[in-house]
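Residue numbers (our numbering): 42 to 342. A virtual CB, placed ideally from N, CA and C, is assigned to each residue, including glycine. Reading through the structure tokens given below for one structure.
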Amino acid sequence: MSGIETLIARDIFFAAQKPVENFCLISAKSGVHVYRCTCGGLPAVAKYFEREGDRREILNYRILADCNVPTAAVYAAGAASVVLEDISVSNEWRLGAEEDMRDAEAASRLAGWYFVFHENGAAFSQLDTLYFEYGIFTEKNFLLMINKFHEAEELFKYLIKNLGKLRGLIYSPGFTLTYNDFYWTNLFVKKDRTAAMMFDFNLMGRGYRYSDIRNVCSSLSEEAGKIFAGEYDRLYFEKHKKTRREEEAYEKKIDDGLSDVFSLMFAFLEKERVPEWAEDIKKAAVDGRLLKKVESLVFDD
42 MSGIETLIAR DIFFAAQKPV ENFCLISAKS GVHVYRCTCG GLPAVAKYFE
92 REGDRREILN YRILADCNVP TAAVYAAGAA SVVLEDISVS NEWRLGAEED
142 MRDAEAASRL AGWYFVFHEN GAAFSQLDTL YFEYGIFTEK NFLLMINKFH
192 EAEELFKYLI KNLGKLRGLI YSPGFTLTYN DFYWTNLFVK KDRTAAMMFD
242 FNLMGRGYRY SDIRNVCSSL SEEAGKIFAG EYDRLYFEKH KKTRREEEAY
292 EKKIDDGLSD VFSLMFAFLE KERVPEWAED IKKAAVDGRL LKKVESLVFD
342 D
């Protein structure tokens, strides 16, 4: 076995007394190593996290279990690794496919999963300890951005000047669990299309329902996005006998003003290199469009 494979085997056996064997590397990127393997003789997928910060995904699976949110079965978890059922060999489930982004039934089932995720997550007693996207908004990080991306200096100087007011805005709505990383490659769908759920919870944290829903709908086709939003709203009204119109409007205002700034900072500060998807946001930061969005949020409040 390789060094990483040995670490996983020892970590899991120490934590759960289950042997992890028969490793086959799937991917190794940014300090996260993913293998197909067996765990106690069952087909499984093992993830090993080199970096302490990435190991939050291990805790996230425990949180999801405590909140009764459907996920892939967790066979074992250690200090730096987690072993999950291998959905690719499941008789009931399959991996998501790009065509699911245009499928009305898949969108409806996915809305059901997100509703449970948000509803149960809102009651989680330790939400304030979890990763928050806008937690990246600190004076230190804004100064780092000026050094890394000096063409947008005016934007980040404005953010530093108005940091107190921005914090007041972004911490005022109610929080829930948020997935933050939606894409079809992180999706499981039941083969009879009666359910869907997400996997890969490294970026799970706390945040706003609106931002999570917007993130999903931006990847779905227009029709599938309407079905997702409509089913989510139906489930919410059915349970609470009211809509989220007022709360959603406030969350949308914050999201519209700051989500691109977060994406820009994430690209520069969290990625090994600035990804291609950030190019349009970089242009908006340079030509002043992002600054106008932030100014509008600050002045309109």
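Between the C-alpha atoms of P316 and D301 there is a straight-line separation of about 14 angstroms. In this structure, A114 lies away from A57, with their beta-carbon atoms at least 8 angstroms apart. Residue pairing by DSSP places M238 opposite F229 in a beta bridge. Where F165 is concerned, there is no enclosing beta strand (DSSP E), because DSSP gives it neither an H nor an E. When C-alpha distances from I268 are compared across K333, R250, D144, the shortest belongs to D144. One Cα belongs to K189, the other to Y199, and the distance between them is close to 16 angstroms.
Across the structure, I187 and G298 are spaced so that their CA atoms are roughly 19 angstroms apart. Assignment of E62 by DSSP, reduced to helix, strand and coil, places it in the strand class. A distance below 8 angstroms between beta-carbons, with the five flanking residues on each side excluded, links P214 to the following residues of its chain, in chain order: Y249, E288, Y291, E292, I295.
For Y76, the beta-bridge partners assigned by DSSP are L66, A87.
Sequence-distant partners of K334 (beyond 5 residues in either direction) whose C-beta falls short of 6 angstroms from its own C-beta, in its chain, are G298.
When C-beta atoms of the stretch 130-150 are compared with those of the stretch 93-108, fewer than three pairs fall below 8 angstroms, so the two segments do not count as touching. Segment contact: the stretch 75-92 against the stretch 227-237, fewer than three CB-CB distances shorter than 8 angstroms; contact not assigned. Contact between I177 and F307 holds: their C-beta atoms lie close to 7 angstroms from each other, under 8 angstroms. Here K206 is near V339, since their CB atoms are less than 8 angstroms apart. The beta carbons of T217 and A163 sit about 4 angstroms from each other, so the pair counts as a contact at 8 angstroms. According to DSSP, E126 shares a beta bridge with A85.
The alpha-carbon separation between L171 and L244 amounts to approximately 10 angstroms.
Looking at the DSSP output, A117 bridges to V124.
Exclusion of the five residues before and after E313 leaves S71 as the residues of its chain whose Cβ lies within less than 8 angstroms of its Cβ. Taking 8 angstroms as the upper bound for CB-CB distance, Y220 and F303 are not in contact here, some 15 angstroms apart. Secondary structure of G215 (DSSP, three-state): coil. Counted as a single uninterrupted DSSP element, the alpha helix (DSSP H) harbouring G266 occupies residues 263-281. DSSP places R255 in the helix class (H, G or I) of the three-state scheme. According to DSSP, L196 shares a beta bridge with no other residue.
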